[in-house]
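Residues 269 to 470 in this note's numbering are what the sequence shown lists, from first letter to last.
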Amino acid sequence: MRTLAGAAAALTLALTGCVKEISSDERLDRETQAAPASDVMDADALARVNCKDVEDQLASAKSESRSEAERVLVYVDLFNSLKTRTEQFEESMRRNPDLSFKEGSQELVKARDLCVEQFADVRVEFDKYVRELVDFAVVDEVRGGATVKVARLDFEVLRKGISALAPADADLLLQRVANAEKKLGIAPPPPAAEQPANGKKR
């Protein structure tokens, strides 16, 4: 019995001894190697990404000469574009830290910081505008000498803006848009078709 117990203990010790402690550097290397190569841009590719063209587009989104719907769509395009560019910088530099520290990397760091700053500023402006539209989605308009309530803009465009912005209270904002539709007697959009187990629409 002692011989069997000793052999079992020795086997357990041998097995546990095979477990190698993984250092934080090794773990980072594994995560980096596991990341799809297509998601990581090299220095030359990142050098062609910049966020210097924001002012004109932002001015267009703020322009009161445009309709409310046009302004929302300009904001959506600008917001999504800045989001993509910012993520390209941050993801590539996270997975390839050398991009931030090797010689000549200062310009890449500055370009990334500008994208982060511009993205944050546009998010604030976009969020403010979307909330204003939701707060006053229904306005009074004089038609034929009578005052009637009308939609300030196409509610589907407003939904698109909320979806792109994706704030923490998006569901609440969307519910308020639905309430505005009810106030005007507009039928809400049909829910997405349910997908049964066989993958065919009901």
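Cβ atoms here follow ideal geometry from the backbone N, Cα and C, with glycine treated the same way.
What's the C-alpha gap between residue i and residue j?
i: K451; j: V416; result: 12 Å
i: A337; j: L421; result: 6 Å
i: R380; j: F357; result: 6 Å
i: D324; j: R391; result: 16 Å
i: V410; j: V418; result: 10 Å
i: D408; j: E400; result: 16 Å
i: N447; j: F423; result: 11 Å
Based on the DSSP output, what are the partners of residue i in its beta bridges?
i: A419; result: V406
i: A414; result: R411
For the putative contact between residue i and residue j, defined by C-beta atoms under 8 Å, what is the C-beta separation to the nearest angstrom?
i: R339; j: V402; result: Between V402 and R339 the Cβ distance is about 14 Å, and since that is not below 8 Å, they are no contact.
i: G364; j: V308; result: Note on identity: in this sequence residue 364 is Asn, with Gly being the wrong assignment. Yes, they are in contact, since the Cβ atoms of N364 and V308 sit about 6 Å apart, within 8 Å.
i: A311; j: L367; result: 6 Å
i: G429; j: V398; result: 5 Å
i: V344; j: Q386; result: Not a contact, Cβ separation roughly 16 Å.
Segment contact flag, the region 326–333 with the region 349–364, C-beta cutoff 8 Å, min 3 pairs: no
Meets three-Cβ-pair contact criterion under 8 Å: the region 379–398 and the region 316–325: The region 379–398 is in contact with the region 316–325.
Residue ranges of each alpha helix (DSSP H) within the region 292–371, 4 or longer: Complete alpha helix (DSSP H) runs here, min 4: 292–302, 311–315, 322–330, 336–363 and 366–369.
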